[in-house]
Amino acid sequence: MIDCKPMSTPMDPNVRLQEDEEKDLEDVTMYRQMVGSFIYLILTRSDISYPVGVVNRYMSNPKKPHLNAVKSILRYIKGTINFGILYKKTKDCHVMGYCDADYAGDCGTRRSTTGYFFNLGSGPISWCNKRQPTMALSSTEAEYRSAAMAAQ
């Protein structure tokens, strides 16, 4: 049974998932189905983009902590079921972009994750989070790569 108490964040930001944490799950089907559904859902829910990207990394060999992270995303979605994208008609319609990187956030590979988000007027038009292809040597380098990816 999944405890469905609403949460304020999709996943605890202090939790760092790893490949070899515990023993394998007996049945990975439920894990893969839920993560697959989340991937479809992030087309309209940018707020879960990062945690879904994190749990998606462990699709081939999920462990118990990975399933717990998926369940916490599910609890967050249940508590925020009415969230979505809203575009309001405004006279002030500017494109605003934001980007960030978490330096060496992946415990296994020490690679950073890039994230960007663009608004047009009142609503989002583009967002992404992706692990950087190589390991950054400094937080400045990770941020620079994040800005370059957003500019592309």
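Going by our numbering, 116 is the number at position 83 of the sequence shown; the sequence numbering is gapless.
For glycine and all other residues, C-beta sits at the position ideal for the given N, C-alpha and C.
Proximity to residue i [Cα-Cα], best of the options
| i | options | result |
| --- | --- | --- |
| Gly-12 | His-127, Ser-145, Ala-183 and Thr-42 | Nothing can be reported for residue 12: it is not among the residues displayed for the chain, which extend from 34 to 185. |
| His-99 | Met-63, Met-168, Ala-181 and Ser-79 | Met-63 |
| Ala-175 | Asn-152, Ile-75, Gln-51 and Cys-132 | Cys-132 |
| Ile-158 | Met-182, Met-168 and Thr-77 | Thr-77 |
| Ser-93 | Lys-122, Asp-60 and Lys-121 | Asp-60 |
| Met-182 | Lys-96, Ser-105, Tyr-73 and Trp-160 | Trp-160 |
| Pro-95 | Lys-56, Thr-167, Ser-171 and Ser-179 | Lys-56 |
| Tyr-120 | Asn-152, Asn-89 and Ile-106 | Asn-152 |
| Lys-104 | Ala-169, Phe-150 and Phe-71 | Phe-71 |
| Ala-180 | Thr-167, Ala-169 and Gly-148 | Gly-148 |
| Ala-102 | Ala-169, Met-129 and Leu-50 | Leu-50 |
Residue interval of the beta strand (DSSP E) (run including residue i)
| i | result |
| --- | --- |
| Tyr-149 | 146 to 153 |
| Ala-178 | The residue asked about is misnamed: residue 178 is Arg in this sequence, not Ala. No beta strand (DSSP E) holds Arg-178; the alpha helix (DSSP H) holding it covers 172 to 184. |
| Ile-75 | Per DSSP, Ile-75 belongs to no beta strand (DSSP E) and is neither H nor E. |
| Lys-56 | From DSSP, Lys-56 is part of no beta strand (DSSP E); its letter is neither H nor E. |
| Pro-157 | 156 to 164 |
Bounding residues of the alpha helix (DSSP H) (the contiguous stretch that carries residue i)
| i | result |
| --- | --- |
| Pro-84 | 82 to 89 |
Distance CB(residue i)-CB(residue j) smaller than 7 Å
| i | j | result |
| --- | --- | --- |
| Tyr-91 | Pro-43 | no |
| Gly-156 | Ile-118 | yes |
| Arg-143 | Gln-165 | no |
| Ser-82 | Asn-162 | yes |
| Ile-75 | Val-85 | yes |
List in chain order: all unbroken beta strand (DSSP E) runs of 3+ residues lying wholly within the stretch 95 to 143. When DSSP assignments are scanned along the stretch 95 to 143, the uninterrupted stretches of beta strand (DSSP E) that are 3 or more residues long and fall wholly within it turn out to be 128 to 135.
Stretch pair the stretch 113 to 124 + the stretch 134 to 142: three plus CB contacts closer than 8 Å: Flag = no, the stretch 113 to 124 and the stretch 134 to 142 do not touch.
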